[in-house]
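Chemist: My questions all concern the structure below.
Protein chains: 2
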Amino acid sequence: MKTYLDCLPCMLQQALRAGRIATTDEKKIKTLLNTIGMMIQDIPMDNSPPEMGNIIYRKIREITGVYDPYKKIKADNINEVLALYPELIHIMNKSKNRLLTAIRLAIAGNVIDFGVNKEFNIPQSVQQIITQDFAILDLELFHDQLEKARSVLYLGDNAGESVFDKILITELGKPVTYVVRAIPVINDVTKEDAINSGLDEVAEVISSGTTAPATILSLCNDDFLKRFNDADMIISKGQGNYESLSGVERSLFFLLKAKCPLIARDLNVAENDIVLKAINLHETGFGTH
Amino acid sequence: MKTYLDCLPCMLQQALRAGRIATTDEKKIKTLLNTIGMMIQDIPMDNSPPEMGNIIYRKIREITGVYDPYKKIKADNINEVLALYPELIHIMNKSKNRLLTAIRLAIAGNVIDFGVNKEFNIPQSVQQIITQDFAILDLELFHDQLEKARSVLYLGDNAGESVFDKILITELGKPVTYVVRAIPVINDVTKEDAINSGLDEVAEVISSGTTAPATILSLCNDDFLKRFNDADMIISKGQGNYESLSGVERSLFFLLKAKCPLIARDLNVAENDIVLKAINLHETGFGTH
Chain D
37 MKTYLDCLPC MLQQALRAGR IATTDEKKIK TLLNTIGMMI QDIPMDNSPP
87 EMGNIIYRKI REITGVYDPY KKIKADNINE VLALYPELIH IMNKSKNRLL
137 TAIRLAIAGN VIDFGVNKEF NIPQSVQQII TQDFAILDLE LFHDQLEKAR
187 SVLYLGDNAG ESVFDKILIT ELGKPVTYVV RAIPVINDVT KEDAINSGLD
237 EVAEVISSGT TAPATILSLC NDDFLKRFND ADMIISKGQG NYESLSGVER
287 SLFFLLKAKC PLIARDLNVA ENDIVLKAIN LHETGFGTH
Chain E
37 MKTYLDCLPC MLQQALRAGR IATTDEKKIK TLLNTIGMMI QDIPMDNSPP
87 EMGNIIYRKI REITGVYDPY KKIKADNINE VLALYPELIH IMNKSKNRLL
137 TAIRLAIAGN VIDFGVNKEF NIPQSVQQII TQDFAILDLE LFHDQLEKAR
187 SVLYLGDNAG ESVFDKILIT ELGKPVTYVV RAIPVINDVT KEDAINSGLD
237 EVAEVISSGT TAPATILSLC NDDFLKRFND ADMIISKGQG NYESLSGVER
287 SLFFLLKAKC PLIARDLNVA ENDIVLKAIN LHETGFGTH
């Protein structure tokens with residue numbers, strides 16, 4: 037997805053929000069906003085928004101001197117979802133369509149997002165998404181590709197969400213490789229977070245090698261790129277991964293809640309809609325891409 | 037009121053919104069955002085936000101080549117309120133406290149604001165504000181000062197709002213000078229708008245001389261400054277005038293709806309609260325300042 041004009045004020049807003057989480061020093065935050073303001077003129081609008089996000093969060097680290105501003109928030113989110121875990125399992129056990137319910141729960145976790153300017157409530161999100169209609173639901177394609185796949189590459193999004201991902205991964209019933217960010221960026225999932233959420237019990241956890249809050253292929257490491265190219269099935273969680281991968285020529289399933297109005301528009305859905313969307317998928321093939 | 041860090045992304049957002057109203061040329065709007073982005077580093081945070089607003093709207097005129105982007109919107113707003121006028125008079129006629137009702141109506145018109153990122157509905161605003169509790173209501177001070185005043189200086193805000201102001205001005209029962217912006221800025225009231233709304237039938241209409249969406253004294257003309265200094269009573273409408281005048285050493289009545297969270301915080305009220313607030317007023321004096 038390209039960068040829209042609306043993304044520019046939003047980037048400054050994100051920098052302010054993240055700067056305030058990193059430090060109470062208003063001068064440092066002003067320096068950060070000055071820096072991002074000056075960079076607006078250099079943003080290539082054909083790039084996806086997380087490419088600028090990558091630079092913004094690097095500047096936040098440099099200017100505030102804080103490597104992982106969301107460390108405590110991420111731990112709190114993971115613990116909150118772990119405390120909900122028995123209830124989530126209960127929801128799964130009484131479900132008539134376990135795969136679809138697991139997909140819904142994986143989307144419920146997608147509300148835990150500090151990149152967008154929205155309040156969230158995790159238990160409320162679960163209750164809502166369990167009955168919410170999908171704006172796009174490519175479930176049959178998902179089911180077919182899953183049946184044929186020898187293994188699945190699963191691109192993680194935020195840290196707390198990874199506990200929900202564990203439920204879907206268990207339900208997939210295939211060997212899964214779970215992909216995390218190389219270093220802490222916003223509240224996105226890192227290797228440490230994935231281990232804290234117990235994800236390593238159900239999947240191999242690898243880093244994409246990128247410091248961006250997304251999967252920007254040109255910034256990913258060779259190991260990840262090989263797996264990305266060879267995978268029988270790829271599940272991409274969340275907005276950042278959508279923004280960076282919506283234009284690739286590769287079969288993929290996007291699983292997300294459209295919290296940002298621009299991403300919603302790009303997907304041709306309404307804000308707050310939930311989506312399971314297949315791209316570049318040809319019904320004939322196995323692992324087609 | 038000083039500029040808060042939160043004002044900076046908001047200024048970029050305002051520039052985008054106004055740029056889009058002025059032109060559909062995305063390149064020009066990007067140039068505008070580049071320019072505002074670069075200027076962030078030079079914003080003196082001790083200045084009031086409309087001082088930057090003044091520069092932003094000048095840049096919008098320069099870069100888009102459109103002198104009055106809100107011309108049609110302002111005319112439509114005035115016509116909408118003029119169509120409501122009989123109903124507003126009906127509300128006045130059945131009121132038990134005509135002065136307070138006229139004050140409420142004058143605040144109802146304050147929702148017509150394209151500087152803040154909020155939708156508004158004028159008839160709904162009237163219905164709501166007619167019964168809404170005031171967060172601050174210095175009505176007795178207002179009444180006392182009005183009784184003693186030989187005349188009133190009334191600082192206008194937006195164009196459509198001026199039709200509501202006409203009702204309050206009539207109710208004041210004193211000679212009123214109504215102050216407008218020197219040139220079109222956002223949807224603020226100009227001399228032409230005030231005449232279109234019939235305001236000239238009840239008040240002398242003068243310009244403050246400033247091109248800012250506010251009353252920045254250092255940018256006002258000498259005639260206005262003399263009247264400002266000599267006035268027995270000053271009524272200041274809306275957020276922009278509050279931002280620019282909240283720090284002056286002059287008795288004033290602010291009349292507004294706190295649509296912006298920062299202005300609400302500065303006033304120590306909640307967002308969307310309505311306010312009639314006296315400052316620098318000593319109960320002993322006549323025209324004290």
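Same order as they appear, the protein sequences are chains D and E. Under the working numbering, the letters of the first sequence match residues 37 to 325, in that order. Under the working numbering, the letters of the second sequence match residues 37 to 325, in that order. Each residue gets a CB set at the ideal place from its N, CA and C atoms; glycine is no exception. Only a predicted model underlies this, so the values are computations on that prediction, with no experimental measurement involved.
#1: Identify, in the order they occur along the chain, each residue of the same chain with its Cβ nearer than 6 Å to the Cβ of V16 of chain E, setting aside the five sequence neighbours on each side.
#2: Assign D78 of chain E to one of two classes, buried (16 or more other C-beta atoms within 10 Å of its C-beta) or exposed (fewer than that).
#3: For L52 of chain E, would you say it is in contact with chain D, using Cβ-to-Cβ distances shorter than 8 Å as the test?
#4: What is the rounded straight-line gap between the Cα of I148 of chain E and the Cα of A218 of chain D?
#5: How is I310 of chain E classed by DSSP in three states: helix, strand or coil?
#6: Taking the alpha-carbon positions, what's the P249 of chain D to I91 of chain D distance?
#7: Between E:L261, E:I242, E:A138, E:S243, which lies nearest to D201 of chain E when the distance is taken from Cα to Cα?
#8: List the residues of chain E whose Cβ lies closer than 8 Å to the Cβ of N70 of chain D, in chain order.
#9: Indicate whether at least one CB of chain E lies closer than 8 Å to the CB of T324 of chain D.
#10: In or out: I99 of chain D buried (at least 16 other Cβ within 10 Å) or exposed?
#11: Is the separation between the beta-carbon of G192 of chain E and that of V215 of chain E shorter than 8 Å?
#12: Counting along the chain, where does the alpha helix (DSSP H) carrying F289 of chain D start and finish?
#13: Express the C-alpha separation of I96 of chain D and L281 of chain E in angstroms, rounding to a whole number.
#14: Quick check on A248 of chain E: does DSSP put it in helix, strand or coil?
#15: Please decide whether L298 of chain E counts as near chain D, where near means a Cβ-Cβ distance under 8 Å.
#16: Comparing alpha-carbon positions, which option in E:M269, E:L253, E:A195 lies nearest H179 of chain E?
#17: Hey, would you say E279 of chain D sits closer than 8 Å to P105 of chain D, going by beta carbons?
#18: What distance in whole Å lies between the Cβ atoms of K313 of chain E and D169 of chain E, which are believed to be in contact at a cut-off of 8 Å?
#19: Among the residues of its own chain, which have a CB less than 7 Å from the CB of A277 of chain E, if the five just before and after it don't count?
#20: Hey, could you find the ends of the beta strand (DSSP E) Y190 of chain D is sitting in?
#21: Could you give the distance in angstroms between the alpha-carbon of G209 of chain E and the alpha-carbon of V102 of chain E?
#22: As a quick exercise: from E:A171, E:T67, E:Y93, pick the residue whose alpha carbon is nearest that of N308 of chain E.
#23: With DSSP collapsed to three states, give me the class of N22 of chain E.
#24: Cβ closer than 8 Å: which chain D residues qualify as neighbours of E62 of chain E?
#25: What does E106 of chain D pair with, by DSSP beta-bridge criteria?
#26: Enumerate in chain order the residues of its own chain whose CB-to-CB distance from K227 of chain E is below 7 Å, with the five nearest sequence positions on each side excluded.
#27: Taking contact to mean at least 3 C-beta pairs separated by less than 8 Å, is the region 43-52 of chain D in contact with the region 61-77 of chain D?
#28: Determine the contact status of D207 of chain E and I158 of chain E, defining contact as a CB-CB distance below 8 Å.
#29: Beta-carbon of G89 of chain D versus every beta-carbon of chain E: anything under 8 Å?
#30: Which partner residues of E240 of chain E appear in the DSSP bridge assignment?
#31: Near R412 of chain D, which residues of its chain fall below 7 Å by C-beta distance, leaving aside the five closest residues on each side in sequence?
#32: Skipping 5 residues on each side, what residues in its chain have a beta carbon closer than 7 Å to that of D42 of chain E?
#33: Please check if any C-beta of chain E sits within less than 8 Å of the C-beta of I65 of chain D.
#34: Measure from the alpha carbon of L317 of chain E to the alpha carbon of each residue in E:K132, E:L288, E:K273, E:E62, then state which is nearest.
#35: May I ask you to list the residues that DSSP assigns as paired with N194 of chain D?
#36: Find the residues of chain D that neighbour Q49 of chain E, judging by a C-beta separation of less than 7 Å, and give them in chain order.
Modeler: In terms of the structure at hand:
#1: What the structure shows of chain E is the stretch from 37 to 325, and residue 16 of chain E is not part of that stretch, so it cannot be assessed.
#2: exposed
#3: yes
#4: 48 Å
#5: strand
#6: 10 Å
#7: E:A138
#8: I76, Q77
#9: Annotation note: pLDDT 41 at T324 of chain D (below 50); position unreliable, no value reported.
#10: buried
#11: yes
#12: That residue, F289 of chain D, is in no alpha helix (DSSP H); its beta strand (DSSP E) goes 288-293.
#13: 35 Å
#14: coil
#15: no
#16: E:M269
#17: no
#18: D169 of chain E to K313 of chain E, Cβ: 14 Å. No contact.
#19: It is Asn, not Ala, that sits at residue 277 of chain E in the sequence shown. So the qualifying residues of the chain are L191, D193, A250, T251.
#20: 188-191
#21: 39 Å
#22: E:A171
#23: This structure gives no information on residue 22 of chain E, because the portion of chain E shown stretches from 37 to 325.
#24: L41
#25: The sequence as given places Tyr at residue 106 of chain D; Glu does not occur at that position. None; Y106 of chain D has no bridge partner.
#26: V216, V241, S243
#27: yes
#28: Looking at the sequence itself, residue 207 of chain E is Glu, so the reference to Asp does not match. Contact: no.
#29: no
#30: E:T213
#31: Within the shown structure, residues of chain D are numbered from 37 to 325, placing residue 412 of chain D beyond reach of any answer.
#32: L298
#33: yes
#34: E:L288
#35: D:D224
#36: P45
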